[in-house]
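Below: the structure, in structure tokens.
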Amino acid sequence: MVPKPKIVVPEGFDLKKEYGVFKIKTLNTSKGIDSTIPELVAGWCYVSDLAQVDSEGTWYRNIVFRDFDGQRKEMLVPQRLLVQKGGALVQMLSDAGLAVVPGKEAALVEYLASFQPSSRIVLTRKTGATSDLRHYVLSPRVVIGPEAKKFRFIPEQNCPAEAAICWKGTPEEYEERVLRPAIGNPLLILALLIALASVLVRILRVDNGGFHLSSFTSRGKTTLLQLAASVFGIGTDPNRARESYIQRWSMTQGGAEGLAAAFSEKLLILDELDSFSGDLGTLLYFFSGGRGKASMTATRNLQMTRSWFVSILSSGEKTLREMIVNAGGKPMAGQFVRFLELPVGDDIFKETNGLSKAAFAENLKASCADCYGLLGPAFIEALFADLAAEEQANFDVETLQRSHEEFVQELILPNMRPEHHRALRRLGAAWLAGELAIYFGLVPFSQDDVREAVFFARNLWLREADNQAYITQGVTALQAFLRDNIDAFPLTDDEDHSEETCLGFRHPSRDLIILYPSQLQAASGECSPVDVARELRNLSMLVTHEAGRLTIKVPRASSGGKKENLYAIRAAFLTAELGLKRVILDEEVEGDDQPEWDDSFAAVQSQLQQGDHHD
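Residue 74 in the UniProt record's numbering sits at position 74 of the sequence shown, with consecutive numbering throughout.
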């Protein structure tokens with residue numbers, strides 16, 4: 001048993017366990033002999049440690065004291081409070097329950113400032129690896145690394161990660177119920193690798209960002225998130241228990257900043273993208289920026305700015321691109337380098353051990369809710385123990401970075417652009433995390449299992465990217481077709497031409513090109529006309545009157561003024577520069593700003609009615 005360190009009381013003071021702090025006052029007698037008397041200053045207290053904030057250099061003192069009920073307490077106070085008059089420090093201690101004799105405030109500050117303890121505490125305001133890469137702060141209760149130093153994490157109030165990061169079960173149980181069912185299911189293994197890779201982002205210099213899983217409802221996306229959540233904490237479905245590690249997309253930017261900081265260097269999991277109603281494009285850049293907004297304290301001092309190294313795993317029915325466009329935003333290439341879109345579809349459950357997909361998913365969800373928080377801490381402990389071993393280490397930071405680059409090179413295909421290389425660094429980190437987990441003996445996966453999961457994800461991502469390129473080809477083909485043939489298009493009020501006798505129509509008074517679905521199909525090459533129409537809407541080149549509807553009702557003279565569901569393309573499309581950037585026009589047609597059709601159609605109302613749903 002390690003003995004408690006002896007309290008070395010500063011000269012000129014005395015500390016009595018039963019009474020408290022006394023200042024020794026010296027008196028001169030008439031006979032020339034000095035005498036001393038003790039004067040009570042405050043209740044029992046002393047300074048146990050000096051503390052310094054990691055990577056900042058700010059010093060604190062750890063004051064141990066007893067309150068009015070005799071309860072032992074500790075308080076970290078900034079060193080600067082001991083060189084002031086002491087009012088703020090004494091008030092803090094008094095509010096916390098330390099008895100202070102009125103008029104002895106200065107003596108108490110002198111007493112506390114005179115301690116020179118040898119013990120040191122390293123403080124950190126951030127989770128993740130410390131600056132020396134020897135320790136890892138997982139939560140206020142869990143610091144992993146050698147015992148040479150004492151660490152203390154200073155969390156923000158209402159830290160969302162604090163309650164969710166905990167453990168339940170045994171490693172053997174977790175392997176049997178969570179890890180082994182993932183074998184044969186590349187996306188399940190990928191979710192685990194993404195979680196482990198979040199520990200490596202700073203070491204490997206991977207950009208802030210993440211992965212977004214999209215598919216229709218009830219395809220297993222939440223189960224994937226639960227699996228990833230179980231690596232660090234409570235893997236319960238967030239719809240069934242609010243203490244789940246999984247967070248929601250419904251947040252403000254201020255809330256997003258707090259989440260990013262709280263989950264720095266571990267996985268931030270966000271469910272239900274469709275619930276987010278803010279500026280998603282701006283928020284994605286904010287997450288990837290790694291730093292919050294500067295602000296002032298009540299005393300007009302600059303407050304410490306939050307910072308983070310964050311990896312995000314997100315899910316939703318819509319893609320990030322669709323959400324940005326539907327909100328009137330501009331999808332930018334940089335957003336999709338940092339956040340990889342994975343359209344998971346029906347690919348989540350492949351090997352279900354003879355069970356139906358629904359039964360397999362329910363079993364896995366129950367396992368994640370009942371056994372969790374074991375793999376992540378074990379991985380961190382093994383990793384940082386090796387990094388701290390120095391000469392005896394099996395690898396160092398440079399070795400990890402070199403291995404990561406080798407994995408990234410294997411993922412790169414010929415003719416990939418530099419931004420694709422950058423995006424694949426995230427998958428390379430997941431690959432390295434899987435290899436390390438196998439090396440540490442923490443997972444029952446083979447190297448082939450890990451490789452299959454990573455390449456499966458790469459191909460999903462490329463499929464989405466290729467699909468976008470395919471659509472762009474269709475839009476380009478349509479633009480070329482319209483440029484070549486627009487002069488031959490009759491007006492919509494021309495009674496002599498129908499869908500079958502021309503290539504398209506022009507509106508007589510508005511700069512609009514009107515196409516039947518069959519005409520759009522013929523003009524778009526091999527691309528789906530619906531996909532082309534969606535992209536035109538993304539580019540603000542398609543007139544629509546209601547979200548989700550690609551056509552509007554247009555009266556046609558050859559049909560006797562009957563309104564038909566047709567595509568209305570802006571004439572500005574003929575000269576537009578194509579690309580992901582949304583084209584901003586001088587005149588935008590709002591939902592209630594309908595084109596004014598020719599007055600010769602008496603049956604046509606002044607405003608068009610909404611078209612049938614073609615999306």
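Idealized CB from N, CA, C, for every residue including glycine.
Q | Pick from LEU400, ASN459, LYS221 and ILE471 that is closest to LEU436, judged by C-alpha positions | A | Walking along the sequence shown from the start, residue 436 turns up at place 436. The shortest Cα separation from LEU436 among LEU400, ASN459, LYS221 and ILE471 belongs to LEU400.
(Q) I need the straight-line Cα distance from ARG534 to GLU381, nearest angstrom please. (A) Translated into the one-based positions of the sequence shown, residue 534 becomes position 534. Translated into the one-based positions of the sequence shown, residue 381 becomes position 381. In a straight line, the C-alpha of ARG534 is about 49 Å away from that of GLU381.
Q: Please specify which runs of the alpha helix (DSSP H), each continuous and at least 4 residues long, are wholly inside the region 400-445, giving them in chain order.
A: Fully enclosed alpha helix (DSSP H) runs of 4 or longer: 418-439.
**Q.** Cβ-Cβ distance between SER314 and LEU270 below 8 Å
**A.** In the sequence shown, residue 314 corresponds to position 314, counting from 1. In the sequence shown, residue 270 corresponds to position 270, counting from 1. Yes, they are a contact pair.
Q: Could you work out which residue in LEU81, GLY235 and THR476 is closest to residue 642 when comparing CA atoms only?
A: An answer regarding residue 642 cannot be provided, because it is not within the stretch 1 to 615 covered by the chain.
Q. Can you give the Cα-Cα distance for ASN394 and SER277, rounded to whole angstroms?
A. Against the sequence shown, residue 394 aligns to sequence position 394. Against the sequence shown, residue 277 aligns to sequence position 277. Distance from the CA of ASN394 to the CA of SER277, rounded to the nearest whole angstrom, comes to 48 Å.
Q. Between LEU273 and MET323, which are expected to be in contact by the criterion C-beta below 8 Å, what is the C-beta distance as a whole number of angstroms?
A. Taking the first residue of the sequence shown as position 1, residue 273 is located at position 273. Taking the first residue of the sequence shown as position 1, residue 323 is located at position 323. That belief holds up - the Cβ atoms of LEU273 and MET323 are roughly 6 Å apart, short of 8 Å.
Q) Per DSSP, which one or two residues make a beta bridge with LEU123? A) Taking the sequence shown and counting its residues from 1, the one referred to as residue 123 is at position 123. Residue pairing for LEU123: DSSP places it in a beta bridge opposite VAL53 and ARG152.
Q) Hey, out of VAL532, PRO508, ARG506 and ARG510, whose CA is closest to PRO517's CA? A) Position 517 of the sequence shown, counted from the first residue, corresponds to residue 517. Of all alpha-carbon atoms in VAL532, PRO508, ARG506 and ARG510, the one lying nearest the alpha-carbon of PRO517 is that of VAL532.
(Q) On the criterion of 16 or more Cβ atoms from any shown chain inside 10 Å, does ARG458 qualify as buried, or is it exposed? (A) To locate residue 458, count along the sequence shown from 1; it is residue 458. Around the beta-carbon of ARG458, 16 or more other beta-carbon atoms lie within 10 Å, marking it buried.
Q) Which residue from PRO238, GLY281 and PHE287 puts its Cα closest to that of PRO262? A) The residue you call residue 262 lines up with position 262 of the sequence shown. Contrary to the premise, residue 262 reads as Ala rather than Pro in this sequence. Among PRO238, GLY281 and PHE287, the Cα nearest to that of ALA262 is on PHE287.
**Q.** Length of the line joining the Cα atoms of LEU76 and PRO331
**A.** As a working note, residue 76 is residue 76 in the sequence shown. As a working note, residue 331 is residue 331 in the sequence shown. About 46 Å.
Q.
Rounded to the nearest angstrom, what separates GLY316 and ARG537 at their Cα positions?
A. Translated into positions along the sequence shown, residue 316 becomes position 316. Translated into positions along the sequence shown, residue 537 becomes position 537. For GLY316 and ARG537, the distance between alpha carbons rounds to 21 Å.
Q) Are the beta-carbon atoms belonging to VAL337 and ALA429 less than 8 Å from one another? A) On the sequence shown, position 337 is the one that residue 337 refers to. On the sequence shown, position 429 is the one that residue 429 refers to. The answer is no: Cβ separation not under 8 Å.
Q | Among LEU204, GLY474, MET416 and VAL9, the one whose alpha carbon lies nearest that of ALA523 | A | For the purposes of this step, residue 523 is taken as residue 523 along the sequence shown, with counting starting at 1. Checked all of LEU204, GLY474, MET416 and VAL9; the closest Cα to ALA523 is GLY474.
Q: Can you tell me which of VAL9, ASP54, ILE348 and LEU108 puts its alpha carbon nearest to the alpha carbon of GLY43?
A: Here residue 43 refers to the residue found at position 43 when the sequence shown is read from its first residue. The shortest C-alpha separation from GLY43 is found at LEU108.
Q: Kindly provide the ranges of any alpha helix (DSSP H) runs that are 4 or more residues long and lie completely inside the region 488-538, ordered along the chain.
A: Look at the region 488-538 and you find these whole runs of alpha helix (DSSP H), each 4 residues long or longer: 517-523 and 529-538.
(Q) Is the beta carbon of PHE22 closer than 8 Å to that of GLU11? (A) Looking up residue 11 in the sequence shown gives position 11. Looking up residue 22 in the sequence shown gives position 22. Not in contact: GLU11 and PHE22 (Cβ atoms no closer than 8 Å).
Q.
Tell me the DSSP secondary structure of GLU341 in three-state form.
A. As a first step, residue 341 is located in the sequence shown; it is residue number 341 there, counting from the start. Three-state DSSP puts GLU341 in a strand.
**Q.** Reference ARG510, options PRO529, GLN79, CYS527 and ALA571, closest by Cα
**A.** Taking the sequence shown and counting its residues from 1, one reaches residue 510 at position 510. When C-alpha distances from ARG510 are compared across PRO529, GLN79, CYS527 and ALA571, the shortest belongs to ALA571.
Q. Roughly how many angstroms lie between the CA atoms of GLY255 and GLU406, to the nearest whole one?
A. Translated into the one-based positions of the sequence shown, residue 255 becomes position 255. Translated into the one-based positions of the sequence shown, residue 406 becomes position 406. Computed Cα separation, rounded: 37 Å.
Q: Kindly give me the distance between the Cβ atoms of CYS45 and LEU98, rounded to whole angstroms, as I take these residues to be in contact under 8 Å.
A: Here residue 45 refers to the residue found at position 45 of the sequence shown. Here residue 98 refers to the residue found at position 98 of the sequence shown. Confirmed, about 6 Å.
Q: Could you name the residues of the same chain whose beta carbon sits closer than 6 Å to that of GLU419, not counting the 5 residues immediately before and after it, in chain order?
A: Mapped onto the sequence shown, residue 419 falls at position 419. Cβ neighbours of GLU419 beyond the five flanking positions: VAL337.
(Q) Does ARG417 pass the burial test, meaning 16 or more other C-beta atoms within 10 Å, or should it be called exposed? (A) The sequence position of residue 417 within the sequence shown is 417, counting from 1. By the neighbour-count criterion, in which 16 or more other beta carbons inside 10 Å mark a residue as buried, ARG417 falls on the exposed side.
**Q.** Contact belief for GLY290 with SER307 at Cβ below 8 Å, rounded distance in angstroms
**A.** Along the sequence shown, one-based indexing puts residue 290 at 290. Along the sequence shown, one-based indexing puts residue 307 at 307. That pair is a contact at about 6 Å.
Q. Are the beta-carbon atoms belonging to TRP167 and TYR19 less than 8 Å from one another?
A. Taking the sequence shown and counting its residues from 1, one reaches residue 167 at position 167. Taking the sequence shown and counting its residues from 1, one reaches residue 19 at position 19. Taking 8 Å as the cut-off, the Cβ atoms of TRP167 and TYR19 do not count as close.
**Q.** VAL310 versus SER48: straight-line alpha-carbon distance, rounded
**A.** Counting from 1 along the sequence shown, the entry for residue 310 is found at position 310. Counting from 1 along the sequence shown, the entry for residue 48 is found at position 48. For the pair VAL310 and SER48, the Cα-to-Cα distance works out to about 35 Å.
Q. So, using beta-carbon positions, are PHE384 and ILE194 closer together than 8 Å?
A. Residue numbering aside, residue 384 sits at position 384 when the sequence shown is read from its first letter. Residue numbering aside, residue 194 sits at position 194 when the sequence shown is read from its first letter. With contacts defined by Cβ atoms closer than 8 Å, PHE384 and ILE194 do not form a contacting pair.
(Q) Taking a contact to mean a Cβ-Cβ separation below 8 Å, would you say LEU442 touches PHE379 in this structure? (A) The count along the sequence shown starts at 1 and reaches residue 442 at position 442. The count along the sequence shown starts at 1 and reaches residue 379 at position 379. Contact: yes.
Q: State the DSSP-derived secondary structure class of ALA393, mapped to helix, strand or coil.
A: Locating residue 393 in the sequence shown gives position 393, counting from the first residue. DSSP places ALA393 in coil when its eight states are reduced to three.
Q | Option in LYS318, VAL90 and ILE121 with minimal Cα separation from TRP249 | A | Locating residue 249 in the sequence shown gives position 249, where the first residue counts as 1. The shortest C-alpha to C-alpha distance from TRP249 to any of LYS318, VAL90 and ILE121 is the one to LYS318.
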